[in-house]
Structure formats: structure tokens, C-alpha cells
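**Student:** The structure that follows is given in the form of C-alpha cells.
Protein chains: 2
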Amino acid sequence: MVAIQGIKGSFHHQVAQNYFGVEQEILICHSFREVANQLKNKEATTGVMAIENSIAGTILPNYALIDTFDLQIIGEYFLNIDMHFMALPDQSIEDIHEVHSHPIALLQCANFFEDYPHIKLVESSDTAFAAKQIKEKQLKGIGALAGPIASDLYDLEILAKSVHTVKSNKTRFVILKNKDLEKAELSNKASLKFELDDTPGSLATVLNVLNNCKLNLTKIQSLPIIEQPFQYSFFVDVVFEKYKHYEKAKKLLEIMTTHFKVLGEYQAGEPQE
Amino acid sequence: MVAIQGIKGSFHHQVAQNYFGVEQEILICHSFREVANQLKNKEATTGVMAIENSIAGTILPNYALIDTFDLQIIGEYFLNIDMHFMALPDQSIEDIHEVHSHPIALLQCANFFEDYPHIKLVESSDTAFAAKQIKEKQLKGIGALAGPIASDLYDLEILAKSVHTVKSNKTRFVILKNKDLEKAELSNKASLKFELDDTPGSLATVLNVLNNCKLNLTKIQSLPIIEQPFQYSFFVDVVFEKYKHYEKAKKLLEIMTTHFKVLGEYQAGEPQE
């Protein structure tokens with residue numbers, strides 16, 4: 001059972017299908033916190049969670065959930081977010097007077113609808129929920145903005161493809177499970193969290209260690225606003241060729257940093273074109 | 001004239017007042033892009049723009065605007081985002097059947113309203129806009145979620161103070177102007193952008209240089225998803241005691257990195273308690 005945020009037809013559902021296959025059973029959750037909770041309670045064995053987006057950046061609250069619920073990242077998946085304008089079959093754009101979707105999706109597609117001032121933008125809780133409502137209530141004259149999986153699942157016709165303004169909108173999802181710290185010698189990537197005292201050059205020293213151990217940094221993010229002065233937190237992703245190199249770096253970081261934590265060790269995903 | 005995103009009574013207006021004083025004239029803009037545009041067109045001499053938040057993280061699209069519109073950061077301001085529930089005077093919470101606010105504000109205060117299931121959450125374009133509508137249309141039975149400046153400005157009564165779930169919600173705003181590259185020798189902080197080739201240890205080398213020049217890192221952010229493989233972008237903030245140390249580091253970074261750009265040199269702001 002894979003816990004996902006959102007209903008069937010959502011982008012999280014798309015990732016679950018692409019990663020685990022279409023046969024995989026899905027556990028619908030109404031929030032990211034619920035995904036974390038279902039993993040903790042062992043209602044689900046794995047979960048899918050968006051973690052960063054090429055337009056909006058890192059979703060820090062999800063890092064906090066992974067950390068506080070002690071979840072483990074076991075994989076990652078990059079999805080191109082492709083927003084289609086869809087409605088019940090046999091209608092044209094002129095027949096549509098309202099489009100329903102998640103507020104962020106509406107925002108990302110607002111430019112497209114400037115050419116159709118007769119269409120009112122209406123907020124919905126989720127991209128897929130808007131599509132589902134149209135199907136279930138057979139709502140004529142209402143459109144949805146959602147991913148291709150939603151049009152398939154709810155038998156909607158695509159009136160316009162890829163109507164989002166910024167075309168390159170990639171989201172990185174992590175695949176999660178409840179932590180049980182199995183050794184993952186096939187991994188070539190790890191997500192780490194640590195804190196450093198504000199002694200000059202402390203981060204440079206850590207990066208030198210990673211470099212000497214042949215680890216390569218693919219992401220670094222300091223926590224945005226320092227609550228405790230002179231104390232800094234970092235989220236870091238590293239890739240490596242040999243697990244033993246990573247193991248050596250891990251031992252050194254445990255000594256050099258405080259609150260060192262491995263959020264996950266896994267196989268790196270491939271960004272789509 | 002200070003360009004702000006949002007109408008009077010918004011958190012951006014609050015920052016403009018705190019930073020420039022209450023007498024300062026305000027130019028209302030409906031998007032961050034419009035703020036950037038008004039600065040470029042010299043309709044405004046300065047602007048206020050949210051850049052990162054302790055819950056949601058960095059607002060990357062705003063970094064992109066500063067970069068592409070060639071704006072200059074000349075200051076920063078940290079504001080505690082305090083969300084109050086307000087309505088026309090002489091009503092109790094029981095009299096209110098709808099609360100209007102920005103979708104993110106509704107989300108951040110959703111826990112509070114679980115105790116009041118008779119109150120429907122309704123999306124509005126802006127926290128302050130909801131407050132303004134209530135005042136102008138004398139809407140009884142409707143509440144708004146907004147900052148303290150909105151209740152003052154639109155004569156609303158606060159029914160419940162600080163109703164947001166996560167109490168520590170700090171936002172960092174930058175103060176912007178059109179770039180004219182004046183020398184800012186009183187600065188003790190700078191925001192930089194640069195790119196690095198994916199040669200092992202290239203970031204560590206840059207941080208060693210900053211450290212050798214006595215600069216201290218207060219923020220580092222790699223761009224979230226790498227569009228061009230083997231090419232990394234970074235946004236970095238540094239603080240320093242002596243401008244000449246920073247000048248030396250700047251010269252070195254110009255040689256060591258590609259697309260090196262100073263987004264601003266300014267006096268560091270003080271986070272509130």
C-alpha cells in the first residue's frame with residue numbers, strides 16, 4: 001500500500017504509478033502530515049511526497065515531516081508537471097464558463113485564460129478533485145486543470161494541452177518508508193541533515209571532507225531564517241560511486257557536526273527531458 | 001514612492017511603514033512582477049519584496065525577478081507574520097459564518113477554525129483585500145484573517161489574536177531599487193549569485209575563499225533541480241566586518257565562478273524575537 005497526498009488522478013498518484021506500476025494499491029491522504037502518519041502507523045508500507053519544485057523551490061515543511069516522523073527516503077522520482085485543460089466530452093472552450101483547480105495551478109495557468117475572459121477561475125482543493133467532481137456530477141460548462149492521468153481516470157476530454165505559463169516545471173518526489181535502517185549498499189545517493197556552530201569556515205570544512213571522500217554535492221540548502229543565532233541547519237544531498245566512501249564521510253560528519261541525521265540512502269533518479 | 005505587492009494593510013505595507021516610516025507614499029502593485037516593473041520604469045524609487053519565509057522557505061521566483069530585472073537589494077527587514085481574526089465591531093465569533101483570506105493564510109489558520117465548524121473558509125486574493133471589502137461593503141457576519149495593520153486601517157475589531165498554527169512564522173523582505181551600482185562602503189552584508197561547473201570540490205573551494213577573506217555565510221541555496229547537467233547555480237548571502245575584505249573576495253569569485261552577479265550590498269537587518 002502506497003500512501004499519497006491527494007486523490008486518484010493527482011500528480012502524486014501519477015508518480016506512484018510510474019514508480020511502483022499501475023497495479024499498486026493506493027492509500028489516499030488529505031495532507032502531507034497524514035502521509036507521514038500512515039507510514040508511522042504502518043497503514044502504508046511506502047509513501048510518495050513532493051519535496052522540491054523547479055519554480056517554487058524546496059518544500060521545507062515536508063523535510064520537517066520526514067525528520068520529525070523519522071521516515072526514511074528510499075528513492076526519488078522527477079516528474080514534469082504538465083497541466084491540461086479538460087472537461088466532459090463534446091464541448092468546446094466557448095462552452096466552458098468556469099475552470100476549477102488548485103489555487104497554485106490556477107495561478108500557473110492564469111496567462112492562458114487571459115484570452116478567455118468569459119471563463120471564471122474557481123479554487124478547488126486539488127487538481128484531480130476538480131476533475132473527479134466534473135465526472136461524478138456530470139458538470140457541463142465546467143473545466144478542470146489537471147494532469148493527464150486525471151483525464152484518463154475521469155473520462156474527460158482535453159480542450160487544451162500544457163496550458164501552464166512556465167513550461168519547465170519539474171517536481172522532485174521522494175519515496176518514503178518507515179525507518180528501519182537497513183543497510184543499502186546499492187545506494188549511490190544520500191540525503192543528510194546536520195547542524196553547525198557558527199565558527200568561521202565550518203561549512204567549508206565539511207564540504208572539504210565530502211570532497212576528500214569523493215562525494216559530490218547535488219543540493220545544499222541552509223534553513224532560511226536563523227531562529228537560534230550562531231547555529232545553522234543544513235539539508236544536503238550527495239551522490240557517490242562507492243558506498244565505502246560514503247560510509248567514511250558519514251563517520252567523519254557524525255564527529256564534525258551536531259544533530260547529524262541520515263534522511264535516506266537510495267538510488268538517484270533520472271530527471272526527465 | 002515605495003512599490004509594494006498587495007494593497008494597503010498588507011504585510012508588505014507593514015514592512016514599508018516599519019522601514020521607511022508611516023509618511024512614506026505607497027505604490028500598490030498586484031504582483032511581484034509589477035513591483036519589479038515599476039522599479040525598472042522608475043515609477044517607484046524603492047520596492048519591498050518578500051524573499052524567504054521560515055515555514056515555506058525561499059521564494060525562488062522573486063530571486064529570478066531581481067536577477068532578470070537587474071534590481072539591487074539595498075536593505076532587508078524581518079517581520080513576524082501575525083495573523084488575527086477580525087470583523088466589523090460589536091460581533092462575536094458566533095455571529096461570523098464566513099472567513100475570507102488568502103489561501104495560504106486560510107491554510108495556516110485552519111486548525112483554529114476546526115473549533116468553529118459553522119464558519120466557512122473562503123479564498124480571497126489577499127489578506128488585506130478581505131479586510132478592505134468588509135469595511136467598504138459593511139459586511140456583517142464576515143471575518144478576515146490579516147495582519148494588525150489591516151484592522152487599524154479598516155477599523156475592524158480583532159475577535160481572536162494570532163490564530164495561525166505555527167507560531168514562529170518569520171518572513172524576510174528585501175528592500176529594492178533600480179540598479180545603479182553605487183559604492184556602498186557602509187554595507188556589512190551582500191547577496192550574490194554565481195554558477196559553478198560540476199568539478200569535484202568546486203563549491204568547497206569557493207567557501208574556502210570566502211572564509212580566507214573573513215566573510216561569513218548566512219545563507220546558501222543551490223537551485224533545486226538541475227536543468228543543465230553538470231552546471232550548478234547558487235544564491236549566497238555573506239556578512240563581513242570590513243568592506244575591503246568583501247571586495248577582495250568579490251574579485252576572486254569573479255575569476256573562479258561563471259555568471260557572477262552582486263544582487264545587493266546592504267546593512268544586515270535584525271530578526272525580531
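If you read the protein sequences in the order shown, they are chains A and B. The first sequence begins at 1 in the UniProt record's numbering and counts up by one. The second sequence begins at 1 in the UniProt record's numbering and counts up by one. By construction, the Cβ of each residue, glycine as well, lies at the ideal position given by its N, Cα and C atoms. Predicted model, so just to flag it, every value in this text is computed and none were measured.
1) Could you work out which residues of chain A lie near A204 (chain B), taking near to mean beta carbons separated by less than 7 angstroms?
2) Let me know the secondary structure DSSP gives G9 (chain B) once reduced to three states.
3) If we count the other Cβ atoms within 10 Å of its Cβ and call it buried at 16 or more, is D237 (chain A) buried or exposed?
4) Chain A partners of L65 (chain B), CB-CB under 8 angstroms?
5) How should E25 (chain A) be labelled, buried or exposed, when 16 other C-beta atoms within 10 angstroms of its C-beta is the threshold for buried?
6) What does the alpha-carbon distance come out to for the pair S202 (chain A) and L196 (chain A)?
7) Along the alpha helix (DSSP H) that carries D152 (chain A), what are the first and last residues, could you check?
8) Can the beta-carbon of N208 (chain A) be found less than 9 angstroms from the beta-carbon of V239 (chain A)?
9) What does the Cβ neighbour count give for K132 (chain B), buried or exposed, with the cut at 16 atoms within 10 Å?
10) Which residue from A:M83, A:F113, A:H100, A:A44 puts its Cα closest to that of K177 (chain A)?
11) Please name the residue in B:V206, B:K248, B:P200, B:A160 whose C-alpha comes closest to that of T218 (chain A).
12) Compare the beta carbon distance of Q39 (chain A) and A3 (chain A) with 9 angstroms and say whether it is the shorter of the two.
13) Is Y116 (chain A) helix, strand or coil by DSSP?
14) Identify whether Q221 (chain B) lies in helix, strand or coil by the three-state DSSP scheme.
15) Where does H102 (chain B) sit, in a helix, a strand or coil, going by DSSP?
16) So what does DSSP say about M1 (chain B), is it helix, strand or coil?
17) Give a yes or no on whether the minimum CB-CB distance between S162 (chain A) and chain B is below 9 angstroms.
18) Look at A128 (chain A) and I149 (chain A) and say whether their C-beta atoms are less than 9 angstroms apart.
19) Within 10 angstroms of its Cβ, does L186 (chain B) collect 16 or more other Cβ (buried), or is it exposed?
20) Mind checking S101 (chain A): buried by the 16 CB within 10 Å criterion, or exposed?
21) Is the CB of Q221 (chain A) under 9 angstroms away from at least one CB in chain B?
22) Any C-beta of chain A within less than 8 angstroms: which residues of the region 86-118 of chain B qualify?
23) DSSP state of I226 (chain A), grouped into three classes?
24) Taking the straight line between their C-alpha atoms, what separation do you get for H245 (chain B) and L210 (chain B)?
25) Note down, in chain order, each residue of its chain lying with its Cβ closer than 8 angstroms to the Cβ of residue 274 (chain A), except the 5 sequence neighbours on either side.
26) Keeping to the same chain, check which residues put their C-beta closer than 8 angstroms to that of E241 (chain A); ignore five residues upstream and five downstream.
27) Please classify G57 (chain A): is it buried, with 16 or more other beta-carbons within 10 angstroms of its beta-carbon, or exposed?
28) Return the chain-ordered list of same chain residues with a C-beta closer than 7 angstroms to the C-beta of G9 (chain A), the five sequence neighbours on each side being excluded.
29) Taking F113 (chain B) and I119 (chain B) to be in contact with their CB atoms under 8 angstroms, please state how far apart those CB atoms are, rounded to whole angstroms.
30) Once you ignore the five residues that flank P271 (chain A) on each side, which residues in its own chain have a CB closer than 7 angstroms to its CB?
31) Out of A:T165, A:M49, A:E136, state which residue places its alpha-carbon closest to the alpha-carbon of G6 (chain A).
32) Start and end of the beta strand (DSSP E) containing T171 (chain B)?
33) Have a look at A:D95, A:V262, A:I51 and flag the residue whose alpha-carbon is nearest the alpha-carbon of L139 (chain A).
34) Pick from A:M83, A:D198, A:A16, A:F194: whose alpha carbon is nearest that of S162 (chain A)?
35) Is the shortest distance between the beta-carbon of G57 (chain B) and the beta-carbons of chain A less than 9 angstroms?
**Tutor:** Result, derived from the coordinates:
1) A204, L207, N208, N211
2) Looking at G9 (chain B) - three-state DSSP - the assignment turns out to be coil, as it is neither helix nor strand.
3) Classified as buried, D237 (chain A) has 16 or more neighbouring CB atoms from the shown chains inside 10 Å of its CB.
4) The contacting residues do not exist; L65 (chain B) stays about 12 angstroms from chain A at best.
5) exposed
6) 7 angstroms
7) 148-153
8) no
9) buried
10) A:A44
11) Out of B:V206, B:K248, B:P200, B:A160, B:P200 has the C-alpha closest to the C-alpha of T218 (chain A).
12) Correcting the residue identity first, residue 39 (chain A) is Leu in this sequence and not Gln. Contact: yes.
13) Coil at Y116 (chain A), not helix or strand.
14) strand
15) coil
16) coil
17) no
18) yes
19) exposed
20) The residue is buried, with at least 16 neighbouring Cβ atoms inside 10 Å.
21) yes
22) P103
23) With a pLDDT of 49 at I226 (chain A), under the threshold of 50, the predicted position of this residue should be treated as unreliable, though the coordinate-derived value follows. Shown here, I226 (chain A) sits in coil according to DSSP, grouped into three states, outside any helix or strand.
24) When only Cα atoms are considered, H245 (chain B) and L210 (chain B) end up about 9 angstroms apart.
25) Since the displayed chain A opens at 1 and closes at 273, residue 274 (chain A) lies outside it and no answer follows.
26) N188, K214
27) buried
28) A128, A131, K132, A146, I149, A150, L153, Y154
29) 6 angstroms
30) F78, K170
31) A:M49
32) 170-178
33) A:D95
34) A:M83
35) Chain A, which has a Cβ nearer than 9 angstroms to the Cβ of G57 (chain B), makes this yes.
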